[in-house]
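Inspection log for the structure reproduced underneath, given as structure tokens.
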Amino acid sequence: MRAAVIHGPRDVRVEDRPDPKILTPGDAVVRVVAACVCGSDLWPYRGVSAVKKPRPIGHELVGVVEELGADVTSARVGDFVILPFTMSCGECQACRAGYPAACDLVTGFGSTDRWGNPVDGAQGERVRIPLAQHSLFPVGRPEAELEAAGLVPHLLTLADVMSTGYHAAVSAGVSQGDTVVVVGDGAVGLSGVIGARLLGAERVIAMSRHDDRAALAREFGATDVVAERGEEGLAAVRDLLGGDLPDAALECVGTEQSMDTALSVVRGGGRVGFVGVPHGPDLSVRRLFDRNITIGGGMASARRYMETLLPDVLSGDIRPGKVFDLELPLADTAEAYAAMDERRATKVLLRP
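The opening residue of the sequence shown carries number 1 in my numbering; numbering runs sequentially from there.
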């Protein structure tokens with residue numbers, strides 16, 4: 001089969017790799033219908049995260065089950081499924097509490113499973129899925145029907161970005177009538193706008209300096225857009241709110257600047273939900289103490305949120321797949337990374 005492999009900074013290649021096989025009774029083999037490039041994939045692509053040796057890459061996919069191990073009863077061959085970006089057992093304490101991303105046996109794409117077997121990346125033609133009993137999420141409709149309805153891109157976002165944006169809003173305790181600011185206008189931040197509105201936010205301020213992303217944020221439910229940063233951004237938010245500040249902030253980037261903005265822009269006693277993969281920010285406990293700021297978040301448990309968000313996607317009430325503004329064949333994965341790295345695309349969908 002063909003799959004994307006990262007060799008080093010700005011060096012992603014589509015190569016021939018062994019076809020996946022069932023290696024344990026808990027495995028499944030899934031044919032990839034659609035995958036995509038995530039903003040977090042850009043950290044190793046840009047050399048911020050080290051690539052010690054070539055490895056498969058990609059962690060977001062929807063597909064069709066082709067084979068099942070003897071212990072997997074949660075899906076059937078032929079089912080159209082969504083795969084969360086981390087695989088989990090569904091039985092440990094963290095899973096039972098609703099946090100499968102913190103599973104005792106958590107397995108990631110492009111890594112190794114608990115038995116030491118390599119796990120494929122999502123940006124390929126087929127993938128072996130360990131811990132399949134809990135990780136597979138059947139949609140309940142056939143592939144042809146979903147393709148005809150144009151739902152595949154929207155379902156793909158549940159594998160990561162939509163679930164992650166929703167997690168930011170949940171972690172910030174967004175509730176009915178709140179005013180929320182979203183820091184970050186990538187796919188996760190845009191999804192956070194949807195998440196905040198789903199949870200009842202009355203006013204959502206998107207911080208964006210890109211006209212196309214700001215327009216999509218408004219389409220997703222943002223009531224206001226602020227382009228300024230730093231002290232000017234804080235002043236612009238205060239001006240919008242007549243001198244007040246938002247009840248909650250969603251931090252959807254992971255840098256020192258984005259975390260500083262999120263902490264600065266909420267009112268005293270406010271709440272911050274952070275989901276950006278951390279690269280640089282240090283959290284000052286004294287700063288939280290002095291302003292009574294509550295902070296929560298971390299890696300999203302996408303498998304948990306799929307059940308909540310799926311009905312809204314299938315009904316068309318939310319259309320998060322609009323974050324994909326470029327679609328390419330798998331063979332052009334290198335261009336997909338370059339387009340996102342150079343901000344020529346917000347998020348790229350890949351078709352094997």
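The beta-carbon is built from N, C-alpha and C at its ideal position, and this holds for glycine as well. Quick caveat: nothing in here was measured; it's all calculated off a predicted structure.
G297 is a Cβ neighbour of G273, given a cutoff of 8 Å. Apart from the 5 residues on each side of it in sequence, A300 sits with its Cβ closer than 7 Å to the Cβ of A101, S163, T164, H167, V275 in its chain, given in chain order.
Every unbroken stretch of the beta strand (DSSP E) spanning 3 or more residues and falling wholly within the stretch 49-101 is given here in chain order: 61-68, 80-83.
Of all alpha-carbon atoms in T261, R267, R303, the one lying nearest the alpha-carbon of L283 is that of T261. Proximity to E256 across D244, E143, V277 peaks at V277, based on C-alpha coordinates. As the crow flies, the alpha-carbon of V51 is around 7 Å from that of H7. L68 and I295 have their C-alpha atoms roughly 41 Å apart. P311 and R197 have their C-alpha atoms some 16 Å from each other. Less than 8 Å divides the Cβ of A159 from the Cβ of E60. Residues of the same chain with a CB within less than 8 Å of the CB of M1, apart from the 5 flanking positions on each side, are D16, R17, P18, D19, P20, G124, E125, R126 in chain order. DSSP places M340 within a helical segment (H, G or I) once states are collapsed to three.
In this structure, the beta-carbon distance from G47 to P9 falls below 8 Å. Taking the Cβ atoms as the reference, D113 lies roughly 4 Å from P130, within the contact range of under 8 Å.
A distance below 6 Å between beta-carbons, with the five flanking residues on each side excluded, links L199 to the following residues of its chain, in chain order: A169, V174.
Looking from the CA of I82, the closest CA among R31, R271, D317 belongs to R31.
Shown here for S74: same chain residues with a beta carbon closer than 6 Å to its own, the five before and five after excluded, namely Q133, L136 in chain order.
If you check the CB distance, V323 and L250 do not come in under 8 Å. Only exposed fits P142, as fewer than 16 other CB atoms lie within 10 angstroms of its CB. Within the same chain, D185, R343 come within 8 Å of H210 by CB-CB distance, once the 5 residues on both sides are set aside. Taken through DSSP and simplified to helix, strand or coil, V348 comes out as strand. Secondary-structure assignment with DSSP links A35 through a beta bridge to L61, L350. In this structure, L330 and V14 form a Cβ contact; the two beta carbons are roughly 6 Å apart against a cut-off of 8 Å.
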